[in-house]
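> First, the structure itself, so that you have it in front of you.
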Amino acid sequence: PRSRAHAARANTDTRTEMHRSSIALVRLMPRSSARKQMLHTVAAAQYVSGGSGSNPSKVGSIRDVHSGLMQVISEKEVRSRVFRSSYSTGTTLSDFMKNAEGSGALDRTAGFVYRTNVALSTDTELRAYYANALGSFRFGRMLEDLDAIAGVVALGWVGRTDVSCVTACVDSIRIRDLASWSMTKDILYSGRLSWTGRSSMEVQVTATQQDDRGNTVRIVESDFVFVARTTDGSRSVPVPTLTLDCETEEGRLFEGGKQRQRDRLRNAAEDLSITIPTEEEQHHIHNLHLQGKDTGDWLPKETHVNSASLIQMDERNLYGKMFGGAVMRRGYELAYIAAYLHNNQTHPHLHEVSDITFHSPIAIGSVLNLKARIPYYDAERGLAVASVDALCAEKGEVRKTTVLNFVFRTNRSGKRIFPVKYNECMEYLTARRLLHRILSRY
668 PRSRAHAARA
678 NTDTRTEMHR
688 SSIALVRLMP
698 RSSARKQMLH
708 TVAAAQYVSG
718 GSGSNPSKVG
728 SIRDVHSGLM
738 QVISEKEVRS
748 RVFRSSYSTG
758 TTLSDFMKNA
768 EGSGALDRTA
778 GFVYRTNVAL
788 STDTELRAYY
798 ANALGSFRFG
808 RMLEDLDAIA
818 GVVALGWVGR
828 TDVSCVTACV
838 DSIRIRDLAS
848 WSMTKDILYS
858 GRLSWTGRSS
868 MEVQVTATQQ
878 DDRGNTVRIV
888 ESDFVFVART
898 TDGSRSVPVP
908 TLTLDCETEE
918 GRLFEGGKQR
928 QRDRLRNAAE
938 DLSITIPTEE
948 EQHHIHNLHL
958 QGKDTGDWLP
968 KETHVNSASL
978 IQMDERNLYG
988 KMFGGAVMRR
998 GYELAYIAAY
1008 LHNNQTHPHL
1018 HEVSDITFHS
1028 PIAIGSVLNL
1038 KARIPYYDAE
1048 RGLAVASVDA
1058 LCAEKGEVRK
1068 TTVLNFVFRT
1078 NRSGKRIFPV
1088 KYNECMEYLT
1098 ARRLLHRILS
1108 RY
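Below, the structure is given as structure tokens:
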């Protein structure tokens, strides 16, 4: 009897969560008679699911209504053009999610792959959408695509519409020479699950393009980490385990994901907000101040570039919050401006995106403040680290929601950064560590 009572309470909690989530999904719809009717349907479904005596065959359960709403929202609310049928070819998002529904639809021993093509070769409107002011590829658009594709893979792997999958962090986005990308050749995106933990998943998304000789060249490789949570965000949800043979390519990918997770945990434990700098780092800062500030050096505050904007409805994701890809695009473009100004107003080239952390979601209607700066510059290699903090102002409270880091290659005309205050020194050392970790991979 006790176990039956526990199960009954659990079912009631699930129905309540689905009811709240369904109401939130309906409120994303524009005001219309259809929206009003859907609110009545959700209320009736909750009444039926509660066992109050109505005829379920006429209305359906709250689970059925919630599943239907997620089907509609998944078509309309993913903020990336790679999922709009008029702009892409291959498997559509609706078919993909339909096939992913239910645990029996997936082979959980062979990885999980989603592919889509951006038809730049034939669609001039799409080509204009992906072009920047200089006529080359607008990388911020690709950041939106990468995040959206990784999210679809995570959702498909979990295979449940009552669970949300949110971006926790971006380990890195490794880039082949951005200037060599063609605006007249298609881009093929491929996302696959590479590692699973208890409630977290790593998704690797790559982008390829053909070169002038017809060879397929990988232009981007990225690693995203997603966390499965209840729709109200109150707790994490276990995800199906990925089991692979270590001797296969997928198995080696899994081992790489496991190692990256260990590296993330180690880096978090060594963060300068909770530990002191190493002896070498202390000597570095000490010697820097012994030399003193040169006339050409920049103070950290001289590199600051800020922006503020109101988050509108067209940037919402499946769950009614700001789409993570849009946060990355805005952060990247502001970081680019900071690097451009520091580089004597000469356009820099993106070298790598690294260590993006999403602390909390950004509500629609809140004010987003982005603060970009150059905390560290390696003059010998001409590499500048640009960091961006995303601060959200909502109901009188300001909180840091996202931290983004980008590394730019310059023509070595940038100036050395000279930190003065203690927090500037810690940011300087953190960025220096980040750059050293990136360079150690090459």
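Under my numbering, the first residue of the sequence shown carries the number 668, and numbering increases by one thereafter. Glycine included, every Cβ here is placed at the ideal spot set by N, Cα and C.
Select from D1022, E1019, Q979 and E969 the residue whose C-alpha is nearest the C-alpha of R1083.
If you number the sequence shown from 1, residue 1083 lands on position 416. When each option's Cα is compared against that of R1083, the closest is E969.
> How long is the line joining the alpha carbons of S889 and R841, rounded to whole angstroms?
Position 222 of the sequence shown, counting from 1, holds the residue named residue 889. Position 174 of the sequence shown, counting from 1, holds the residue named residue 841. About 6 Å.
> So what does DSSP say about R880, is it helix, strand or coil?
Against the sequence shown, residue 880 aligns to sequence position 213. The answer is coil: DSSP assigns R880 none of H, G, I, E or B.
> Quick one: give me the first and last residue of the beta strand (DSSP E) that F1073 is part of.
If you number the sequence shown from 1, residue 1073 lands on position 406. Element bounds for F1073: E1064 to R1076.
> For V830, name the three-state secondary structure that DSSP assigns.
The residue labelled residue 830 in the question sits at position 163 within the sequence shown. It is a strand residue.
> How far does the beta strand (DSSP E) with R859 in it reach, from first residue to last?
If you number the sequence shown from 1, residue 859 lands on position 192. Note, R859: beta strand (DSSP E), I854 to T863.
> Report the option in D853, H971, R931 and G991 whose CA atom is closest to the CA atom of G818.
On the sequence shown, position 151 is the one that residue 818 refers to. Nearest C-alpha to G818: G991.
> According to DSSP, simplified to helix, strand and coil, what is C1092?
Here residue 1092 is taken as the residue at index 425 of the sequence shown, counted from 1. Of the three classes helix, strand and coil, the one that applies to C1092 here is helix, per DSSP.
> Measure the CB-CB distance between A1057 and V1070 and report whether it falls below 9 Å.
Within the sequence shown, numbered from 1, the residue matching residue 1057 stands at position 390. Within the sequence shown, numbered from 1, the residue matching residue 1070 stands at position 403. Closer than 9 Å, so yes.
> Count the other CB atoms, across all protein chains shown, that sit within 10 Å of the CB of T915; report buried if there are 16 or more and exposed otherwise.
Taking the sequence shown and counting its residues from 1, one reaches residue 915 at position 248. It is exposed - the Cβ of T915 has fewer than 16 other Cβ atoms within 10 Å.
> Per DSSP, H1016 forms a beta bridge with which residues?
Within the sequence shown, numbered from 1, the residue matching residue 1016 stands at position 349. R1076.
> For K1038, I'd like the list of residues in its chain whose CB is within less than 6 Å of its CB, leaving aside the five on either flank, ordered along the chain.
One-based indexing of the sequence shown puts residue 1038 at position 371. Same-chain partners within the cutoff: N973 and D1056.
> If I measure Cβ to Cβ from L1102 and keep anything under 7 Å in the same chain, skipping five residues before and after, which residues do I get?
On the sequence shown, residue 1102 is found 435 positions in, with the first residue counted as 1. Closer than 7 Å at Cβ, skipping near neighbours: Y1043, D1045, L1050, V1052 and V1074.
> Please name the residue, chosen from G963, D964, N984 and M850, that lies closest to D878 on a Cα-to-Cα basis.
Locating residue 878 in the sequence shown gives position 211, where the first residue counts as 1. Ranking G963, D964, N984 and M850 by Cα distance to D878 puts M850 first.
> Within the chosen definition, does the segment 883-902 reach the segment 860-875 through at least 3 CB pairs nearer than 8 Å?
Taking 8 Å as the limit for Cβ pairs, the verdict is that the segment 860-875 does touch the segment 883-902.
> Mapping the DSSP letters down to three states, classify M868 as helix, strand or coil.
Working through the sequence shown from its first residue, we reach residue 868 at position 201. Looking at M868 - three-state DSSP - the assignment turns out to be strand.
> Note down, in chain order, each residue of its chain lying with its Cβ closer than 6 Å to the Cβ of E1094, except the 5 sequence neighbours on either side.
Here residue 1094 refers to the residue found at position 427 of the sequence shown. Excluding sequence neighbours, E1094 sits near P1042.
> My output table needs one value for K1082: the three-state DSSP class, helix, strand or coil.
Counted from its first residue, the sequence shown places residue 1082 at position 415. Looking at K1082 - three-state DSSP - the assignment turns out to be coil, as it is neither helix nor strand.
> If you follow the beta strand (DSSP E) that I1004 is part of, which residue opens it and which one closes it?
Counting from 1 along the sequence shown, the entry for residue 1004 is found at position 337. No beta strand (DSSP E) contains I1004, which is instead part of the alpha helix (DSSP H) from G991 to H1009.
> Taking all protein chains shown into account, decide if Q958 is buried (16 or more other Cβ within 10 angstroms of its Cβ) or exposed.
In the sequence shown, the residue the question calls residue 958 occupies position 291. Its Cβ having fewer than 16 others within 10 Å, Q958 is exposed.
> Determine the burial state of I1023: buried for a count of at least 16 other Cβ atoms within 10 Å of its Cβ, exposed for fewer.
Locating residue 1023 in the sequence shown gives position 356, counting from the first residue. Label assigned to I1023: buried.
> Using the three-state DSSP reduction, which class does S847 fall into: helix, strand or coil?
As a position in the sequence shown, residue 847 is number 180, starting the count at 1. Of the three classes helix, strand and coil, the one that applies to S847 here is helix, per DSSP.
> Give me the residue from E1000, D790 and R931 with the minimum Cα distance to S839.
Position 172 of the sequence shown holds residue 839. Nearest option by C-alpha distance: R931.
> Quick check on T791: does DSSP put it in helix, strand or coil?
As a first step, residue 791 is located in the sequence shown; it is residue number 124 there, counting from the start. Three-state DSSP puts T791 in a helix.
> Would you mind giving the Cβ-Cβ distance between R1100 and P1015, rounded to the nearest angstrom? I have them listed as a contact below 8 Å.
The residue labelled residue 1100 in the question sits at position 433 within the sequence shown. The residue labelled residue 1015 in the question sits at position 348 within the sequence shown. About 21 Å; that fails the 8 Å criterion.
> Would K988 pass as a contact of I1031 if the rule is Cβ separation under 9 Å?
For the purposes of this step, residue 988 is taken as residue 321 along the sequence shown, with counting starting at 1. For the purposes of this step, residue 1031 is taken as residue 364 along the sequence shown, with counting starting at 1. Cβ atoms of K988 and I1031: closer than 9 Å.
> If the criterion is Cβ atoms closer than 9 Å, does the pair E1061 and S1033 meet it?
Position 394 of the sequence shown, counted from the first residue, corresponds to residue 1061. Position 366 of the sequence shown, counted from the first residue, corresponds to residue 1033. Their beta carbons are under 9 Å apart, which means E1061 touches S1033 by this criterion.
> D1022 by DSSP, collapsed to three states: which one?
For the purposes of this step, residue 1022 is taken as the residue at position 355 of the sequence shown. Note: D1022 maps to strand in three-state DSSP.
> Are the beta-carbon atoms belonging to R933 and W862 less than 9 Å from one another?
Along the sequence shown, read from residue 1 onward, the residue named residue 933 stands at position 266. Along the sequence shown, read from residue 1 onward, the residue named residue 862 stands at position 195. Contact: no.
> For the beta strand (DSSP E) containing L1050, name the first residue and the last one.
Translated into the one-based positions of the sequence shown, residue 1050 becomes position 383. Per DSSP, L1050 belongs to the beta strand (DSSP E) from L1050 to E1061.
> Leaving out five residues on either side along the sequence, give the residues of the same chain with a beta carbon under 6 Å from the beta carbon of L822.
Counted from its first residue, the sequence shown places residue 822 at position 155. The residues are C832.
> Helix, strand or coil: how does DSSP classify P967 here?
As a first step, residue 967 is located in the sequence shown; it is residue number 300 there, counting from the start. Reduced to three states, the DSSP call for P967 is helix.
> What span of residues does the beta strand (DSSP E) with A1039 cover, start to end?
For the purposes of this step, residue 1039 is taken as the residue at position 372 of the sequence shown. Where A1039 is concerned, the enclosing beta strand (DSSP E) stretches over V1034 to D1045.
> Using C-beta distances below 7 Å, list every residue in its chain close to V904, excluding the 5 sequence neighbours before and after it, in chain order.
Indexing the sequence shown from 1 puts residue 904 at position 237. Taken in chain order, the residues that qualify are V830, S866, A895, R896 and T897.
> Would you report the Cα separation of V884 and P1086, rounded to the nearest angstrom?
Counted from its first residue, the sequence shown places residue 884 at position 217. Counted from its first residue, the sequence shown places residue 1086 at position 419. Cα to Cα, V884 sits roughly 41 Å from P1086.
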